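>
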Amino acid sequence: MSLIGRLAPQLIALVALVALVTAVFPGFLDISLSDGRLVGPVIDVLKRGAPVALLAVGMTLVIATRGIDLSVGATMAICGAVAAHAIASGWGLAAALALALGAGGLAGLWNGVLVAVVGIQPFVATLILMTMGRGIAQLITEGRILTFTDPGFAFFGSGNLLGLPVPAWLWLATGATVALLMRRSALGLLVEAIGVNRRASALAGVNATVLLIAVYVAAGVCAALAGIVVTADIRGADANNAGLWLELDAILAVVIGGNSLLGGRFSIAASLIGALIIQTIDTGILLAGYPSEYNLVIKAGLVLVILVLQSPRISARYRLWRDSRRLGREVRAAGGGRP
Amino acid sequence: MIRARMLPLGVTIAIFLVAWLLCWLQFPNILSTRVIGNLLTDNAYLGIVAVGMTLVILSGGIDLSVGSVIAFSGVFIAVTLRDTALHPLLVFALLLAITTGFGAAMGLLIDRLAMPAFIVTLAGMFLARGAAYMLSIDSVPIQHPFYKSLQSAYWLMPGKGRLTLIGVLMLLAVLAGMVIAHKTRFGASIYALGGGEATARLMGVRQGRTIMLVYAFSGLMAGLSGIVFSVYTGSGYSLSTVGTELTAIAAVVIGGTLLSGGAGHVFGTLVGVLTMGLIQTYIVFDGSLSSWWTKIVIGILLLVFILLQKALMRLSQSRLAQAGDPP
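Below you can see the structure in the form of structure tokens.
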């Protein structure tokens, strides 16, 4: 029940958005079965939203510790390049997946050590990999777009399982696993404790350093999954454009999910709905026939609205205004009783 | 203390000189005025926008919108010159007013909402890029005769190097930034704010006004940089200068400015920009190295400087802790 209450604003926003898109483009909710798989705009949203949704899972944890990870887009490019290189060299599917996930974990470890051990602000620490990452990815692909024709690997981008596209299964499974891991154990609480006050949580016995590193590693592995999906979808690794600007979309998804950029309480389900909202806007604008140029302006407006809602100063003013009104009413009620 | 504060700037200049020396040993031509002139011209737009970024970072903030604002400026100028008969100078004035106002609005939001500058300017980045897309998604050439004269305005240095108008404009912007940051009351307010908001308020710094003005200045510099970029490329394209904000931040950090604010020099930023330009020039001279090495080397430099700053902070903190009694 409390989960529904927490997710209510995001769910209402998503439903309103879907209604709006359906009003402009009536076929939006059509789903049909062809060749044993579901097709339709909604399924397309579930599939195309996969990279941002995967990134949002890791980003939620990082933001809950009061951090930020700007390097996930570049990490996607690195992991995609590693996977494509492994496939093109004929090392096999298992090796390609393992190497890509390992590269993502390594990227996360690098960020985590810089943040937790060296003590650099997360924004700055992850900026280094963001600048360098595409260079490293280009180093692996040697500046070309590495293409491959391995049906086993392409399955992760364009395959189908039980009617749904594989990328959709991937983000659903990742989100569910991480959410269960966080909420069925004390991990989630400990992560929140670090975000609220790292020093206090360390004094209370939380191993903040190890946990912080683990959170960045998780973000790196999520980025690796997203990189695999994107690379498998186009059957090629594009070091320049894979995951370009997706770190911003992922942050936006987390913020739309009602998670505070100032750390603390988090909800992975809300972030995933945030990712769906972003993808519905993207797809909706295309389907409704508007030029995709409007996309960025709408996103900017969305960020502004969320900023106003999250602002500590505005909420303090609102509380002051509400309390003073209530006080005024009580005073008036008390005064009216006297002759 | 003063020596510790000057150390990053010293290291920046030393690295630049050593890098130049290494390049010179391999390619003696790199010391010619032609290369120097090109270095200034090619990095003019980056240098100008980095000056604005330096002031923002000194105040403890960050401005992610500048790359998009440069692209918007180029498209705005190109479309206005194509569709109206206005003189370019008038268009420039109009554009600078728009970008300065845009920066001021972001500064106002950052102060009033008490939200991180990072996320507010992220919205600004989306907005400016979206506005550029709405004006035109194609690359629009600029064919005004005034632009031809701007592009061919240069002073021939001895050794046939060309000191172009936009190169001089960058040096002037750096000079203006140095005067504002180091010689005015506004500059002192910026440093105070970057050092700590609470102390700055107690010192009598008008926080809201300073934050608004510093982002307005960054917007002005981004607009100016957009003008320079449009002169440099002779066109306006909404997809250009993607990621310039990151290059500018990297230049500021390599220039020895502390990313958490409060310490640094505008002159260091110029050296940072030139260092990055030198890496690119070296790669062009070498011919066998690929362009992606630029990104990797800049990333390594960034890491070195951030670690250096971290070490300096630790050093000065432990010194403060030791010096319990005044000597």
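Chains as they are written, first to last, in this note's numbering: chain A, 1068 to 1406; chain B, 2 to 328. C-beta: ideal position from N, C-alpha, C; glycine also. Predicted model, so just to flag it, every value in this text is computed and none were measured.
List, in chain order, every chain B residue whose beta-carbon is nearer than 8 Å to that of M1197(A).
Per Cβ cutoff of 8 Å: L247.
> Please list, in chain order, all residues of the same chain as R1251(A) whose beta carbon is under 8 Å from its beta carbon, the five residues on each side excluded.
Same-chain partners within the cutoff: there are none.
> Does any C-beta atom of chain A lie closer than 9 Å to the C-beta of L279(B)?
No, because no Cβ of chain A sits closer than 9 Å to the Cβ of L279(B).
> Which residue comes first and which comes last in the beta strand (DSSP E) that contains T165(B)?
Unbroken beta strand (DSSP E) run through T165(B): R163 to T165.
> Can the beta-carbon of T100(B) be found closer than 9 Å to that of F127(B)?
No; because the gap between Cβ atoms is not below 9 Å, this pair is not in contact.
> With a CB to CB cut of under 6 Å and the five nearest residues on each side skipped, what residues in its chain are close to G256(B)?
Correct list, in chain order: T13, G269, T270, V272 and G273.
> Leaving out five residues before and five after L41(B) in sequence, what residues of the same chain have Cβ atoms less than 6 Å from its Cβ?
G168, listed in sequence order.
> In angstroms with no decimal places, state the Cα-to-Cα distance between L1363(A) and H266(B).
Answer to the nearest angstrom: the Cα atoms are 35 Å apart.
> Candidates L114(B), A20(B) and P9(B): which alpha carbon is nearest Y1385(A)'s?
Answer by Cα proximity: L114(B).
> Using CA atoms only, rank isn't needed, just tell me which of A1400(A), L1343(A) and R1392(A) is closest to V1085(A).
Of the listed residues, the one whose Cα sits closest to V1085(A) is L1343(A).
> With three or more beta-carbon pairs closer than 8 Å as the criterion, would you say the region 1225-1244 of chain A touches the region 1099-1107 of chain A?
Touching, per the Cβ criterion.
> Using 9 Å as the limit for Cβ to Cβ distance, is M1068(A) near chain B?
Unreliable positioning characterises M1068(A) in this predicted model, as indicated by a pLDDT of 44, which lies under 50. A coordinate reading is not provided.
> Out of Q1188(A), G1287(A), V1288(A) and I1212(A), which one is the CA nearest neighbour of R1302(A)?
Ranking Q1188(A), G1287(A), V1288(A) and I1212(A) by Cα distance to R1302(A) puts I1212(A) first.
> Can you tell me the Cα-Cα spacing of L26(B) and F286(B), whole angstroms?
Distance between the alpha carbons of L26(B) and F286(B): 13 Å.
> Quick one: grab the DSSP three-state call for Q323(B).
Three-state DSSP puts Q323(B) in a helix.
> Under a three-way DSSP split, which group does R1104(A) fall into?
Here R1104(A) sits in strand by DSSP.
> Are the C-beta atoms of I299(B) and some chain A residue less than 9 Å apart?
Judged by the 9 Å Cβ criterion, I299(B) is in contact with chain A.
> Quick one: what's got a C-beta closer than 7 Å to M54(B)'s C-beta in the same chain, skipping five residues either side?
So the qualifying residues of the chain are D64, V67, S219, A249, I250 and V253.
> Taking the alpha-carbon of L1376(A) as reference, which of E1397(A), L1328(A) and I1340(A) has the nearest alpha-carbon?
Measuring from the Cα of L1376(A), the nearest candidate turns out to be L1328(A).
> Using only CA atoms, which one of Q310(B), L316(B) and V50(B) lies nearest to A174(B)?
Per the Cα distances, V50(B).
> Answer yes or no: do A1123(A) and L1339(A) have a C-beta to C-beta separation smaller than 9 Å?
Yes. Within cutoff.
> Tell me whether G125(B) sits in a helix, a strand or coil according to DSSP, three-state version.
Of the three classes helix, strand and coil, the one that applies to G125(B) here is helix, per DSSP.
> Figure out for me which residue from A1400(A), I1348(A), A1383(A) and P1358(A) has the closest Cα to the Cα of V1082(A).
Ranking the options by Cα distance to V1082(A), first place goes to I1348(A).
> How do the region 1253-1262 of chain A and the region 1113-1131 of chain A stand: do at least 3 beta-carbon pairs fall below 8 Å, yes or no?
Touching, yes, given that three or more Cβ pairs across the two stretches are closer than 8 Å.
> For L22(B), decide whether its Cβ has a neighbour in chain A, counting only Cβ atoms nearer than 9 Å.
Cβ-Cβ to chain A under 9 Å: no for L22(B).
> What do you reckon, are the CB atoms on G300(B) and M1249(A) nearer than 9 Å?
Not closer than 9 Å, so no.
> Mind checking if S1338(A) is an interface residue toward chain B, Cβ cutoff 9 Å exclusive?
No, its Cβ sits nowhere closer than 9 Å to a Cβ of chain B.
> Quick one: list the residues of chain B neighbouring Q1077(A), beta-carbon separation under 8 Å, in chain order.
Here the premise fails: no neighbours, minimum Cβ distance about 18 Å.
> Can you pull the chain A neighbours of V80(B), defined as C-beta to C-beta under 8 Å?
Neighbours of V80(B) on chain A: none; closest Cβ ~14 Å, over 8 Å.
> Examine chain B for any beta-carbon lying closer than 9 Å to the beta-carbon of Y1361(A), and answer yes or no.
Interface residue, yes.
> With a threshold of 7 Å on Cβ separation, who are the neighbours of T122(B) within its own chain once the five nearest residues in sequence on each side are excluded?
Same-chain partners within the cutoff: I63, D64, L65, S66 and M107.
> CB-CB under 8 Å to F119(B), same chain, minus the five flanking residues each way: which ones, in chain order?
For F119(B), where only same-chain residues beyond five positions count, the Cβ hits under 8 Å are I63 and L65.
> What does S1378(A) reach in chain B if we use C-beta pairs closer than 7 Å?
Near S1378(A) (Cβ distances below 7 Å), the residues of chain B are L114, A115 and M116.
> Assign W25(B) to one of three DSSP states: helix, strand, or coil.
W25(B): helix per DSSP, three-state reduction.
> Below 8 Å on C-beta distance, what does V1149(A) contact in chain D?
Looking for chain D here will not work: the only protein chains present are A and B.
> Would you list the residues sitting across from A1304(A) in a DSSP beta bridge?
A1304(A) pairs with L1213(A).
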